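Below is one structure, written out as structure tokens; comments come after it.
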Amino acid sequence: MSTEPPETPEDAEPGSADGTPAEGAQVSEAEAELAAQRLERERIERRKAERQAPVEAGGKLSGTAADLLAAVRAVESGRKPAATVFEEERPAPRRPAPEPVRRAPAVAPAVPAAGAVEGVRGVLAQGGAPEGLAVQAAAVWGEGAAEVLRSDPWQLLRIAGVRPEQADTFARALLDTGADPGDGRRGRSVAVWLLEQAATAGHTVLEPAALAEALGRQGVAEPEEAVQDAIAEGDVLVFQDALGEAGEDGERPVRVLVGLERYAMAEESLADGLARLMNSATERNGAGEEWERAAASAEGPAGELIRAVAGHGLVLHTGGEASSVEPAALLDAAHALGMRAWAAAHGPLGRARLAALVEGPGVATVGGLLSGAEGPGRDADGAWDVDLLVVLDAPQLDVEAAALLTESLPDGARLVLSGDPGVLWSVGPGRVFADLLAARVCPQVASRRPDPGPLGELVSGIGVGELNQVAAPGKEVVIVPVRDAGEAVHRTVQLVVDSVPRAIGVPAEDTQVITPGHGGAVGTRVLNAALKERLNPGPGRFGGFDPGDRVAYSPAPGRTLPGRVVRADGEGLHLECAGEDVVVPRERVESTLRHGWALTAHQAVGCRWPAVVVVLPGDAVPALSRPWVYTAFGRAGRHLSVVHGVEQALPRAVAEVTAKPRTTRLPVLLAPQVPAGTGD
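So that you can map any letter, position 336 of the sequence shown is 485 in the numbering used here, and since no number is skipped, the others follow by simple counting.
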């Protein structure tokens with residue numbers, strides 16, 4: 150077993166290892182953000198204790214859905230043995246929204262006790278697993294980690310990056326009786342692992358049949374029974390969501406879903422928090438006449454946005470790169486009204502672009518807000534001292550980050566989610582922005598401000614499914630045909646090192662390469678090796694890196710910060726990321742850093758560069774979709790070169806291949822909590 154920096158969804162395959170990166174070493178942001186997530190899980194445990202109602206019977210169900218519900222009822226009625234019952238009663242999936250639980254400022258996560266680490270290290274060694282997993286195991290199970298793994302070796306799958314076949318090998322070494330593929334412990338652990346993999350693909354829940362099918366592919370002999378056992382043991386939750394109106398018999402159709410409590414509760418918490426904001430909007434810190442004067446002085450959609458925010462607790466704003474001037478105008482208006490207004494972007498480059506547009510203070514990153522390293526202070530209840538929060542790059546919010554943001558806002562605050570609906574969705578679970586747009590539970594303001602020039606025209610066409618030829622008199626768009634992978638690598642290096650600097654005037658350090666995946670003959674690994682050899686050759690004496698190397702730093706799951714290596718010393722590897730100094734301890738270098746001359750489109754979301762080279766080798770066809778092309782091409786500010794080896798697959802992908810569906814519950818969860826007419 151080995152670990153390396155996280156693969157983005159472009160590289161992930163069904164059933165592949167999670168590859169979740171180790172948390173960053175900065176207590177001020179990455180570790181503090183993870184601590185906030187730990188406190189979120191503690192809050193979930195408190196909410197579990199409050200849940201009393203049993204799972205309600207659904208409408209007319211049959212097959213696997215009926216079997217799942219029968220399993221739940223058997224547990225509730227006591228027909229199942231005590232050893233296999235839930236530790237507590239499982240509730241109906243919805244309930245009235247509770248009072249929000251305020252979170253205290255994040256603190257550094259606790260370090261596992263040395264004794265626990267040593268104990269689990271011995272078990273790992275006995276089972277042939279890397280002893281380096283000991284710290285992670287001790288962090289998950291604490292003092293009892295060694296006993297947990299000894300009694301149920303397949304629990305090793307709870308550690309990020311471990312695959313079923315590796316857990317099987319570990320189990321065979323530990324169990325005297327051998328590792329029976331039909332062992333119920335294996336089926337339950339693989340079910341949980343598959344739901345974690347589904348989360349990396351964006352799902353917060355799955356249909357039972359989909360989970361059972363995936364279990365069958367992992368060699369579980371009785372997959373439906375494994376799902377039922379996982380539910381009975383409390384490892385997996387089952388939900389019934391009413392759909393549509395009741396039929397003539399008075400019963401409403403029901404959709405049955407299964408999921409992990411972590412993501413299901415985050416989605417419910419998000420729905421509760423959004424409903425609270427929508428239902429508690431006030432005219433606080435600014436009378437209606439003052440808002441109207443501010444709106445009247447703004448242009449077009451900016452004025453519409455200000456009017457919408459004046460009377461609503463939640464507003465959605467959509468548009469491309471050029472439309473960021475409208476949230477900036479809103480922030481300036483709010484500051485002029487004396488409001489405590491803040492904005493947050495996905496990463497430091499987005500924050501820098503927004504800060505250049507806003508006259509006053511109040512610009513942060515989402516990660517910085519959540520960790521407490523940036524943003525407003527908190528009141529006595531743990532809520533931010535803020536009247537308005539504007540979140541840019543909103544499509545990148547997964548349900549956990551969105552829940553944390555929403556719960557940190559006080560009653561009466563206003564939340565604006567702004568972003569381009571055409572870009573790739575979040576790396577983490579959920580499709581928060583798209584779900585809210587589809588649910589139509591709040592005002593939506595669409596920008597009519599087009600991105601300028603030939604690049605803007607090209608990207609706008611892609612957004613509606615058309616790959617148009619555009620006039621590019623200044624070589625804003627250049628197509629470079631290639632026949633094979635070797636030629637694709639050669640031409641990419643040539644473009645970055647020579648052609649773009651000479652013909653366009655953009656130096657290599659301001660040119661970004663984007664390719665569909667990390668692996669393959671023209672993935673980020675191959676391209677980064679070729680570009681390093683030309684642009685910054687060196688032995689990689691600091692964990693594979695040299696001063697001057699461009700890197701992609703992943704301080705937490707779903708976030709990538711482009712940067713550059715400055716130096717290395719006893720503290721670790723020193724980086725410069727968007728003007729900020731970052732230190733990565735040497736033990737975190739392997740798990741959080743990649744070379745960054747070439748990135749995937751998911752890693753590049755939220756960033757823009759003067760010049761971009763998009764590489765589309767012949768083996769990239771399965772990865773291409775309209776959102777991928779829209780995102781990759783849209784990262785270019787002045788110039789775009791396309792190394793083109795996919796022929797007609799590119800226009801077909803733009804015209805026909807839309808975003809992969811994600812199974813979520815947010816629209817259904819919001820519906821009963823939002824007053825009629827809120828979305829008008």
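Using N, Cα and C, we set each Cβ at its ideal position, and we do this for glycine too.
It should be emphasised that the depicted structure is a prediction, and the values quoted were computed from it without experimental measurement.
The three-state secondary structure of residue 630, taken from DSSP, is strand. Assigned with DSSP and collapsed to three states, residue 419 falls in helix.
Rounded to whole angstroms, residue 616 and residue 605 show a C-alpha spacing of 12 Å. The beta carbon of residue 808 lies closer than 6 Å to those of 776 in the same chain, with the five residues before and after it left out. Under the DSSP definition of a beta bridge, residue 710 partners with 702. Residue 786: member of the beta strand (DSSP E) spanning 785-793, first to last residue. Three or more beta-carbon pairs separated by less than 8 Å are not found between the stretch 445-463 and the stretch 492-508, which leaves the two stretches without contact.
In the DSSP assignment, residue 723 forms a beta bridge with 716, 732. Rounded to the nearest angstrom, the gap between the Cα atoms of residue 277 and residue 737 is 23 Å.
The way I'd put it, the stretch 294-306 does touch the stretch 317-331; three or more beta-carbon pairs between them come closer than 8 Å. The DSSP-derived three-state label of residue 390 is strand.
Linking residue 342 to residue 348 through their CA atoms gives a straight-line distance of about 10 Å. Residue 316 carries a helical assignment under DSSP once its states are collapsed to helix, strand and coil. Of all alpha-carbon atoms in 721, 681, 773, the one lying nearest the alpha-carbon of residue 744 is that of 681. Straight-line spacing of the CA atoms in residue 531 and residue 557 works out to 7 Å. Between residue 514 and residue 644, the alpha-carbon positions lie close to 32 Å from each other. By the Cβ criterion, the stretch 421-430 is not in contact with the stretch 384-399, since fewer than three pairs of Cβ atoms, one from each stretch, lie closer than 8 Å. Secondary structure of residue 544 (DSSP, three-state): helix. With a threshold of 16 other beta carbon atoms within 10 Å, residue 637 meets it and is buried. The alpha helix (DSSP H) runs lying completely inside the stretch 296-353 and spanning 4 residues or more are 313-323, 333-349, given in chain order. Under the DSSP assignment, residue 610 falls in the alpha helix (DSSP H) whose first and last residues are 602-612. In this model, residue 577 and residue 350 are separated by some 7 Å (Cα to Cα). For residue 364, the closest of 330, 609, 729 by C-alpha to C-alpha distance is 330. In the structure shown, residue 648 falls within a helical segment according to DSSP collapsed to helix, strand and coil. Residue 286 sits close to residue 294, with the two beta carbons spaced by under 8 Å. One Cα belongs to residue 806, the other to residue 584, and the distance between them is close to 19 Å.
Nearest C-alpha to residue 727 among 702, 602, 741: 702.
Remark: C-beta atoms of residue 551 and residue 507 do not approach each other more closely than 8 Å. The C-alpha of residue 412 lies about 9 Å from the C-alpha of residue 352.
The stretch 751-768 and the stretch 778-796 touch, with three or more beta-carbon pairs separated by less than 8 Å. Going by C-alpha positions, residue 668 is about 33 Å away from residue 567.
At least 8 Å separates the beta-carbon of residue 450 from that of residue 589.
Note on residue 418: 16 or more other CB atoms within 10 angstroms of its CB, so buried under the neighbour-count rule.
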